[in-house]
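**Student:**
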Amino acid sequence: YNPPTSSVILDAKGQKLAYIFEGKHRLYAAYDEIPGYLIEALVAIEDTRFFEHNGVNPDAIIRAAIRNFEAGHKVEGGSTLTQQLVKNTILSNEKSYSRKIKEAILSMKIENELTKEQILERYLNEMFFGHGYYGVKTAAKGFFRKELDELTLKESALLAGLMKAPSSYDPTRNLDKALTRASTILSRMNKLGWITHDKYID
Numbered sequence: 012y013n014p015p016t017s018s019v020i021l022d023a024k025g026q027k028l029a030y031i032f033e034g035k036h037r038l039y040a041a042y043d044e045i046p047g048y049l050i051e052a053l054v055a056i057e058d059t060r061f062f063e064h065n066g067v068n069p070d071a072i073i074r075a076a077i078r079n080f081e082a083g084h085k086v087e088g089g090s091t092l093t094q095q096l097v098k099n100t101i102l103s104n105e106k107s108y109s110r111k112i113k114e115a116i117l118s119m120k121i122e123n124e125l126t127k128e129q130i131l132e133r134y135l136n137e138m139f140f141g142h143g144y145y146g147v148k149t150a151a152k153g154f155f156r157k158e159l160d161e162l163t164l165k166e167s168a169l170l171a172g173l174m175k176a177p178s179s180y181d182p183t184r185n186l187d188k189a190l191t192r193a194s195t196i197l198s199r200m201n202k203l204g205w206i207t208h209d210k211y212i213d
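Under the numbering used here, think of the first position of the sequence shown as 12, with each following residue one higher.
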């Protein structure tokens, strides 16, 4: 995995003047640069059993199928973070059983080849956050003018929520919706015992 990244143009004092990129604006972040809160927020809302499964979570697939059947339309997905990574980097968005089978097989293969940390690093550098920002480091600078280690818990939750639907949860256009999504994520983290009640209501 070696995605194209943006070049940074600096002035004589080391201040950023501009970014130069072709196609996608991406600033790459190594796993160690990514705040633990942001990773926990992503896992809490998208794939709670990420560190336990082998790339596919049968329980999530069955639960999603039941909820979708009851609703009469798709309201929940059963894909793991690994499956989402495969879909975004290797396969297309084609809706077919054959693609889902390929996605599952490739996800299990990736889990055998990479560590969970390597998978998360690729995922968080690949995802689109809106406004032409690819990767969480680009999004942190674009939305908050901050380095990753400067993000607050709520800002981390907001970025984790953006990946599901960047246009719907864009804080520059739909702030209330973005904050509601972030609060849902923080509530989930609190329910799992990953953050204290004080941090959840802060």
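Just so it is clear, CB atoms sit at the ideal spot from N, CA and C, and this is done for glycine as well.
Would you kindly report the start and end of the unbroken alpha helix (DSSP H) that includes residue 196?
**Tutor:** 186-203
**Student:** Hey, which unbroken runs of the beta strand (DSSP E) at 3 residues or more fall wholly within the segment 125-171?
**Tutor:** none
**Student:** How many whole angstroms separate the CB atoms of residue 138 and residue 174, which I take to be in contact at a CB cut-off of 8 Å?
**Tutor:** 5 Å
**Student:** With the cut-off set at 9 Å, would you say residue 196 and residue 56 are in Cβ contact?
**Tutor:** yes
**Student:** Find out if the Cβ-Cβ distance for the pair residue 37, residue 183 is shorter than 9 Å.
**Tutor:** no
**Student:** Return the chain-ordered list of same chain residues with a C-beta closer than 8 Å to the C-beta of residue 159, the five sequence neighbours on each side being excluded.
**Tutor:** Excluding the 5 residues flanking it on each side, residue 159 has same chain C-beta neighbours closer than 8 Å at 40, 44, 45, 46, 49, 147, 148, 151, in chain order.
**Student:** With residue 188 and residue 179 assumed to form a contact (beta carbons below 8 Å), what rounded beta-carbon distance in angstroms separates them?
**Tutor:** 7 Å
**Student:** For residue 61, which residues from the same chain have a beta carbon less than 6 Å from its beta carbon, with the 5 sequence-adjacent residues on both sides left out?
**Tutor:** 54, 92
**Student:** What number of angstroms, rounded off, separates the C-alpha of residue 65 from the C-alpha of residue 203?
**Tutor:** Each residue's Cα considered, the two are about 21 Å apart.
**Student:** Once the 5 residues before and after residue 109 are set aside, which same chain residues still bring their CB inside 8 Å of it?
**Tutor:** Counting only Cβ-Cβ distances below 8 Å, and skipping sequence neighbours, we find nothing.
**Student:** Could you tell me the boundaries of the beta strand (DSSP E) in which residue 55 lies?
**Tutor:** Note, residue 55: premise wrong, no beta strand (DSSP E); alpha helix (DSSP H) at 47-57.
**Student:** DSSP beta-bridge partners for residue 29?
**Tutor:** Within the DSSP secondary-structure output, residue 29 pairs in a beta bridge with 20.
**Student:** Return helix, strand or coil for residue 64, following the three-state DSSP convention.
**Tutor:** coil
**Student:** Count the other CB atoms, across all protein chains shown, that sit within 10 Å of the CB of residue 129; report buried if there are 16 or more and exposed otherwise.
**Tutor:** exposed
**Student:** From the DSSP output, read off the bridge partner residues of residue 36.
**Tutor:** Partner(s): 144.
**Student:** Are residue 35 and residue 14 close, meaning C-beta to C-beta below 9 Å?
**Tutor:** Cβ atoms of residue 35 and residue 14: closer than 9 Å.
**Student:** At what residues does the alpha helix (DSSP H) containing residue 93 begin and finish?
**Tutor:** 92-100
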